[in-house]
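Number of protein chains: 2
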Amino acid sequence: MMAYPLTLDRLLERARRWFPTTGIVARQPDGSVRRSDYAAWHQRATALAGGLLQAGLRPGDRVATLLWNQSEHVDAYFGVPLAGGVVHPLNVRLHPAQLAAIVRHAGDRFALVDASLLDLWREIGVPVERVIVCPDAYEALLATSSPTPLPTLEENAAAAMAYTSGTTGEPKGVVYTHRALVLHALATALPDAMNLRAADCVLPLVPMFHANAWGIPYTAAMIGCKLVLPGAAFDAESALQLLAQEQVTFSAGVPVIWDRILDALEQHPGRWRLHPELRVNLGGAPAPEALFHRFDRQGIRVHMGWGMTEMSPVGAINPNFGPGAQGGHGARLRQGRLLPLIEGRAGDSGELEVRGPWVADQYWGGAAPEAWTADGWLRTGDIVAFDAQGLMTIVDRAHDLIRSGGEWISSVALENALLGLPEIQEAAVIAVPDPKWQERPLALIVLRPGAAADPAAWRRSLEQSFAPWQCPDRFLPVAVLPRTPTGKIDKRALRAQFA
Amino acid sequence: MMAYPLTLDRLLERARRWFPTTGIVARQPDGSVRRSDYAAWHQRATALAGGLLQAGLRPGDRVATLLWNQSEHVDAYFGVPLAGGVVHPLNVRLHPAQLAAIVRHAGDRFALVDASLLDLWREIGVPVERVIVCPDAYEALLATSSPTPLPTLEENAAAAMAYTSGTTGEPKGVVYTHRALVLHALATALPDAMNLRAADCVLPLVPMFHANAWGIPYTAAMIGCKLVLPGAAFDAESALQLLAQEQVTFSAGVPVIWDRILDALEQHPGRWRLHPELRVNLGGAPAPEALFHRFDRQGIRVHMGWGMTEMSPVGAINPNFGPGAQGGHGARLRQGRLLPLIEGRAGDSGELEVRGPWVADQYWGGAAPEAWTADGWLRTGDIVAFDAQGLMTIVDRAHDLIRSGGEWISSVALENALLGLPEIQEAAVIAVPDPKWQERPLALIVLRPGAAADPAAWRRSLEQSFAPWQCPDRFLPVAVLPRTPTGKIDKRALRAQFA
Numbered sequence: 014m015m016a017y018p019l020t021l022d023r024l025l026e027r028a029r030r031w032f033p034t035t036g037i038v039a040r041q042p043d044g045s046v047r048r049s050d051y052a053a054w055h056q057r058a059t060a061l062a063g064g065l066l067q068a069g070l071r072p073g074d075r076v077a078t079l080l081w082n083q084s085e086h087v088d089a090y091f092g093v094p095l096a097g098g099v100v101h102p103l104n105v106r107l108h109p110a111q112l113a114a115i116v117r118h119a120g121d122r123f124a125l126v127d128a129s130l131l132d133l134w135r136e137i138g139v140p141v142e143r144v145i146v147c148p149d150a151y152e153a154l155l156a157t158s159s160p161t162p163l164p165t166l167e168e169n170a171a172a173a174m175a176y177t178s179g180t181t182g183e184p185k186g187v188v189y190t191h192r193a194l195v196l197h198a199l200a201t202a203l204p205d206a207m208n209l210r211a212a213d214c215v216l217p218l219v220p221m222f223h224a225n226a227w228g229i230p231y232t233a234a235m236i237g238c239k240l241v242l243p244g245a246a247f248d249a250e251s252a253l254q255l256l257a258q259e260q261v262t263f264s265a266g267v268p269v270i271w272d273r274i275l276d277a278l279e280q281h282p283g284r285w286r287l288h289p290e291l292r293v294n295l296g297g298a299p300a301p302e303a304l305f306h307r308f309d310r311q312g313i314r315v316h317m318g319w320g321m322t323e324m325s326p327v328g329a330i331n332p333n334f335g336p337g338a339q340g341g342h343g344a345r346l347r348q349g350r351l352l353p354l355i356e357g358r359a360g361d362s363g364e365l366e367v368r369g370p371w372v373a374d375q376y377w378g379g380a381a382p383e384a385w386t387a388d389g390w391l392r393t394g395d396i397v398a399f400d401a402q403g404l405m406t407i408v409d410r411a412h413d414l415i416r417s418g419g420e421w422i423s424s425v426a427l428e429n430a431l432l433g434l435p436e437i438q439e440a441a442v443i444a445v446p447d448p449k450w451q452e453r454p455l456a457l458i459v460l461r462p463g464a465a466a467d468p469a470a471w472r473r474s475l476e477q478s479f480a481p482w483q484c485p486d487r488f489l490p491v492a493v494l495p496r497t498p499t500g501k502i503d504k505r506a507l508r509a510q511f512a
Numbered sequence: 014m015m016a017y018p019l020t021l022d023r024l025l026e027r028a029r030r031w032f033p034t035t036g037i038v039a040r041q042p043d044g045s046v047r048r049s050d051y052a053a054w055h056q057r058a059t060a061l062a063g064g065l066l067q068a069g070l071r072p073g074d075r076v077a078t079l080l081w082n083q084s085e086h087v088d089a090y091f092g093v094p095l096a097g098g099v100v101h102p103l104n105v106r107l108h109p110a111q112l113a114a115i116v117r118h119a120g121d122r123f124a125l126v127d128a129s130l131l132d133l134w135r136e137i138g139v140p141v142e143r144v145i146v147c148p149d150a151y152e153a154l155l156a157t158s159s160p161t162p163l164p165t166l167e168e169n170a171a172a173a174m175a176y177t178s179g180t181t182g183e184p185k186g187v188v189y190t191h192r193a194l195v196l197h198a199l200a201t202a203l204p205d206a207m208n209l210r211a212a213d214c215v216l217p218l219v220p221m222f223h224a225n226a227w228g229i230p231y232t233a234a235m236i237g238c239k240l241v242l243p244g245a246a247f248d249a250e251s252a253l254q255l256l257a258q259e260q261v262t263f264s265a266g267v268p269v270i271w272d273r274i275l276d277a278l279e280q281h282p283g284r285w286r287l288h289p290e291l292r293v294n295l296g297g298a299p300a301p302e303a304l305f306h307r308f309d310r311q312g313i314r315v316h317m318g319w320g321m322t323e324m325s326p327v328g329a330i331n332p333n334f335g336p337g338a339q340g341g342h343g344a345r346l347r348q349g350r351l352l353p354l355i356e357g358r359a360g361d362s363g364e365l366e367v368r369g370p371w372v373a374d375q376y377w378g379g380a381a382p383e384a385w386t387a388d389g390w391l392r393t394g395d396i397v398a399f400d401a402q403g404l405m406t407i408v409d410r411a412h413d414l415i416r417s418g419g420e421w422i423s424s425v426a427l428e429n430a431l432l433g434l435p436e437i438q439e440a441a442v443i444a445v446p447d448p449k450w451q452e453r454p455l456a457l458i459v460l461r462p463g464a465a466a467d468p469a470a471w472r473r474s475l476e477q478s479f480a481p482w483q484c485p486d487r488f489l490p491v492a493v494l495p496r497t498p499t500g501k502i503d504k505r506a507l508r509a510q511f512a
């Protein structure tokens, strides 16, 4: 068989060759909508690659991006790897001091920065060899880029990079190879995964500066489907406007984004005419059953996925769309089935360990080697259980279990149950020290506007599904829950506060 | 990213781990139906691998199979590669002398032979080190196989092998690597290709001794869907019985098989209750529009594919199922869109040249190097055209065009049109020498039973779609058309006969 490398240029070339007029629609940071297509995208990505090479880019050089989900970011997702470089999106939600540490640690040589983020870039304050500001300097670079022979790419060469903190520790860099991204695109497009066709219209409601945008720009190019980008606006109204206007058939995002979109749909019935076949892939956090019922009422098919920045990022997807799930009640709440070529096993105390061709084998620079087992599997930090259908449920984070009297209590299960109660908007269950039982669960509750706290009723409700000793001793209403820069509830801060 | 090889053992392990009770149903050569599942299959394939290793199999050794689409053949598809060997199915439709040349050329060391094919094996007469006859000696081998550590597999190692003759030349061997077969499984399962889910039930009506059974046994294991095998019986009644009994949702085969199945369905309305979602992937030859309409009337969704033994074998699939095809009338008649990672370009006189990770770069032993261009693309022998949707149409075989007065005439287009006429069962259009025009088309016609020849009407019908000079000058009824051992009409023989 031919020695044909699995490299990103092949995906972009396929889009140019067979889908030249298929659209790419990007809302730009200034609010304007830029309409392009794969032929033009190929031309721009190639011009960016040429411009970077003429600027002196060497194989493996990191090119930082400080951009929204905008046109230039799509260019860079392919253009930097086509030049042999490593595209390194910076998470604009991090603190400038954290970003400075990341830029320094990654050794970024160039940077593409949107004009709207120049102030943040200056706050970061780490010098790089060349900063190309969008749109003006960026367009000038593309316009003056002369046709340049692009390098022959190796499939195991680095193509992209992302930093992750999880809920603990310092940011750590994950480097994606061409091979990993191509295989990830193939596996996530499968019918039992994202189920993507050329006839689809895809809107990733996940930032391109976070977790590789779930690989969706690469998958879209491979499949040849229309791609819509929300720019800097992730609020419900802006998202719904694009979803309706472009007749999106597939979207993806974390549950909290969709919770807000469902709020807007419920408050304004009939205002947005969504595509009747719209389906949504949720990931990044477990979702309560109540959220699924709200999707059902809107006629939007929804299913779960699971991943990590260390997994390019998708590791599992639940093939069950909509209310008629195989495997009975609750099957579609599960995180999903591990994708082909991703292997999982249970490690200590049920922690999932994984391996596969799009799973990181180390962090950039060798940080935190304890994230891998001695035989090379990645420790995910998720405690999981599998049902008879092979569907995985996250029972808890490895460091987020509550150990009470020698028994484990799942904070996630309690939180999901609490989120199903009408008065409760957000809930966090944490371990607090207890002289008798070592640890006990404490529930911190954000009430919905106008709702009143009723701990006795909450406890009665929980006791329908949990043993009395598993239920929190106290329910403490709070105005707001602290969150990490990536939007997760900051359990470490809460544990410290209530210790 | 982890150095995780793309090897077949990972696909079988996935089936065992997540789909242990999913069924494999095989009609055995004696007519009995054997019901098994992925857990049992994994156990048997592993036992076969152990038995072969204990018999002395070395890495890369070829193991011939002379088997139908039966249970043991599925074992061998995985068991031989798991032991580090190369599974080499022999095409029982070839002449014993041709098979003898193939066994000798491949250097097969062991052979798995079904008892029903022992006479053929004796006629082949080439000694191999060990012949294991199914079922008795085969079951004894599995029963006495002790747990053996299986070798660590390399993704570029050979896993399977098939011989092809095309319509010209001596049989030539194609060797499939683990990597090629895994990537082929991923790409063919995509929504715009075979669109396979774990919930599907798949019946390949393609022989496992021909063109790698379109990769379907490997794809089924990767996806985790139910697999049904027809044994030695490819007749319409036997196929329909299995299709109905097992409620098959996906089947595949060459048009002539499905022509017969549609005959049976039309002759016995209501006799078989097929799954309402049954869909069929046609390949191996172009299909006339009339065949699509017959599928439509039965409520069976149908689409085209295209491939070659040299391409593992699928290169393109038409994503349009059913009558409501995108791209307008005729779009679904086309062979399809090249799969992701398969690149195509037009070579001399429009011949399609391809490359990709599951395309052969040579024949076993270096035969017929002229099948590749100087820069390493495979010459397919197919003259193709692409429409605006990227859908490919085979215009003709490179050696099968008719050159009349300096213009090319497509024999395939004429044949397809003739096959749409009610009186015509089979048609072959060949070039015959002509003193004035160099070559002229001659149509050889096999009439349907009871039908009468009406060349004047046929010509009038053709002239609705073809220029007068493109139509055959003569229509010659014949009782039968000669066929090559792989079932294609033998145009070379016809040209020689009518020269």
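So the sequence lines, in the order shown, correspond to chains H and G. The numbering used here applies: residue 14 is where the first sequence begins, and numbers increase by one. The numbering used here applies: residue 14 is where the second sequence begins, and numbers increase by one. Every residue gets a Cβ at the ideal spot worked out from N, C-alpha and C, and that includes glycine. Nothing here was measured: the structure is a model prediction, and the numbers come from that model.
Helix, strand or coil for residue i, going by three-state DSSP, please let me know.
i               : result
H55 of chain G  : helix
V141 of chain G : coil
H86 of chain H  : helix
I236 of chain H : helix
P217 of chain G : strand
M324 of chain H : helix
A28 of chain G  : helix
Y151 of chain H : helix
G179 of chain H : Confidence in G179 of chain H is poor, its pLDDT being 46 and thus under 50, which makes the residue's placement unreliable; the coordinate value appears in the next sentence. The answer is coil: DSSP assigns G179 of chain H none of H, G, I, E or B.
F222 of chain H : coil
Using only alpha-carbon positions, find the residue among the options that is nearest to residue i.
i               : options                        : result
A359 of chain G : G:V315, G:F399, G:N331, G:V327 : G:F399
R57 of chain H  : H:D74, H:V93, H:M207, H:R71    : H:V93
Q111 of chain H : H:D395, H:L21, H:P498          : H:P498
G97 of chain G  : G:T165, G:V241, G:W390         : G:T165
E168 of chain H : H:P370, H:R284, H:L346, H:I115 : H:P370
V139 of chain G : G:E152, G:G120, G:C147, G:E364 : G:G120
I37 of chain H  : H:D50, H:L95, H:Y376, H:I502   : H:D50
A430 of chain H : H:A114, H:R368, H:P301         : H:P301
G378 of chain G : G:A60, G:V491, G:V187          : G:V187
A464 of chain H : H:S478, H:Q438, H:Q451         : H:Q438
A113 of chain G : G:E136, G:I415, G:T201, G:R122 : G:E136
Name the one or two DSSP bridge partners that residue i has.
i               : result
P102 of chain G : G:T78
T262 of chain H : According to DSSP, which records beta bridges pairwise, T262 of chain H is partnered with nothing at all.
F123 of chain H : H:V76, H:R143
Would residue i and residue j qualify as a contact pair, given that the criterion is a beta-carbon distance under 8 Å?
i               : j               : result
R461 of chain G : L404 of chain G : no
D149 of chain G : W81 of chain G  : no
P220 of chain G : S129 of chain G : no
L434 of chain H : F511 of chain H : no
N104 of chain G : F247 of chain G : no
R210 of chain G : D205 of chain H : yes
M317 of chain H : G296 of chain H : yes
M207 of chain H : I330 of chain H : yes
E428 of chain H : R392 of chain H : no
Closer than 7 Å, Cβ to any Cβ of chain G: which residues of the segment 341-371 of chain H, in chain order?
R350, P353, L354, R368, G369, P370, W371
What are the residues of the segment 193-209 of chain H that lie near chain G, defined by any Cβ-Cβ distance shorter than 7 Å?
A193, L199, A200, A202, L203, P204, D205, N208, L209
Contact list for the segment 420-451 of chain G against chain H, Cβ threshold 8 Å
none
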